[in-house]
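A.B. asks: Let me begin by handing over the structure; questions about it come next.
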Amino acid sequence: NAGVMQNPRHLVRRRGQEARLRCSPMKGHSHVYWYRQLPEEGLKFMVYLQKENIIDESGMPKERFSAEFPKEGPSILRIQQVVRGDSAAYFCASSPSAHPNTEAFFGQGTRLTVV
Amino acid sequence: SQELEQSPQSLIVQEGKNLTINCTSSKTLYGLYWYKQKYGEGLIFLMMLQKGGEEKSHEKITAKLDEKKQQSSLHITASQPSHAGIYLCGAVRGSQGNLIFGKGTKLSVKP
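Chains as they are written, first to last, in my numbering: chain E, 10 to 124; chain D, 1103 to 1213.
Next up, the structure:
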């Protein structure tokens, strides 16, 4: 059973371009959480999705950021018109059901660098 | 202020020594997760605690959630270089169960 798969592992974008980060949850997991880790800061929650639905996006910036988790395929975190401040490590986690009663497993992350 | 405070922020120990990392919450904890992160890598799930007084062990790592459910400690016995990394505690927040995290404790183990 493969773990949570994120790709790409590293992504370099110029200011103004779009970044697409993909997350395939563990088999049997239908709950996906996205987090952002800025240098010298902790992990911050961004968005929680179940298949085809956004459940909680309270941690996601209102502009330029969007997320989806289609019926088929991976969850996508999309950042439009990237700026230098978007440079960070983005992690997704998956679980078979909602917290707090289940273990949540993280992917290796995507490290976004905006130049 | 940070809702989850970890202490110490960093720790250097000699191989073979025991150590303890603490995670203190300003609110009651309903689920406490411990993860380990190596630089440039993802988070490795260590343990999840839910009940006050609960204690779990995995190899040489033991974690406990205190009775009042506002603090957790992670104890490593006879530390090894492989234990080096950043230890993160996470707590359930939000009605949908998203996690908030402490800033982490960076552990270095000197051979």
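The C-beta atom is built at its ideal place from N, Cα and C for all residues, glycine as well. The model shown is predicted, which means the values in this text are computed figures rather than measured ones.
1) Going by beta carbon distance, what residues of the same chain come within less than 6 Å of residue 1210 of chain D, once the five residues before and after it are set aside?
2) Show which residues of chain E have a CB atom less than 7 Å away from the CB atom of residue 1157 of chain D.
3) My parser needs the beta strand (DSSP E) runs of 3 or more residues fully inside the stretch 1155–1194 of chain D; what are they?
4) For residue 112 of chain E, which residues in chain D fall below 7 Å Cβ to Cβ?
5) Secondary structure at residue 93 of chain E, three-state DSSP: helix, strand or coil?
6) Grouping DSSP H, G and I as helix and E and B as strand, with all else coil, what is residue 47 of chain E?
7) So is residue 57 of chain E in contact with chain D if we call contact Cβ pairs under 8 Å?
8) If I measure Cβ to Cβ from residue 1107 of chain D and keep anything under 6 Å in the same chain, skipping five residues before and after, which residues do I get?
9) With three or more beta-carbon pairs closer than 8 Å as the criterion, would you say the stretch 71–89 of chain E touches the stretch 49–58 of chain E?
10) So if DSSP puts residue 1208 of chain D in a beta bridge, which residue, or which two residues, is it bridged to?
11) According to DSSP, simplified to helix, strand and coil, what is residue 35 of chain E?
12) CB residue 78 of chain E to CB residue 13 of chain E, shorter than 8 Å?
13) Count the other C-beta atoms from every protein chain shown that fall within 10 angstroms of the C-beta of residue 1141 of chain D, then say buried if there are 16 or more, exposed otherwise.
14) What are the partner residues of residue 57 of chain E, as DSSP defines its beta bridges?
15) CB residue 1123 of chain D to CB residue 1179 of chain D, shorter than 8 Å?
16) Which same chain residues end up closer than 7 Å to residue 1137 of chain D when comparing Cβ atoms and leaving out the 5 residues on each side of it in sequence?
17) Quick one: which chain E residues come within Cβ less than 8 Å of residue 1205 of chain D?
18) Exposed or buried, which one is residue 1128 of chain D when buried takes at least 16 other CB atoms within 10 Å?
19) Please report how far the alpha carbon of residue 67 of chain E lies from the alpha carbon of residue 1202 of chain D, in whole angstroms.
20) Does DSSP classify residue 123 of chain E as helix, strand or coil?
21) Between residue 1123 of chain D and chain E, is there a C-beta pair that is closer than 8 Å?
22) Thinking C-alpha only, which one of D:1183, D:1205, D:1150 is nearest residue 1167 of chain D?
23) Give the DSSP-derived three-state secondary structure of residue 1105 of chain D in the structure shown.
C.D. replies: Here's the rundown:
1) 1114, 1186
2) None at all; the shortest Cβ gap to chain E is about 17 Å.
3) 1157–1160, 1163–1167, 1173–1178, 1187–1194
4) 1147, 1150
5) helix
6) coil
7) yes
8) 1126
9) yes
10) D:1112, D:1188
11) coil
12) no
13) exposed
14) E:42, E:65
15) no
16) 1145, 1146, 1147, 1148, 1190, 1192
17) 50, 51
18) exposed
19) 13 Å
20) strand
21) no
22) D:1150
23) coil
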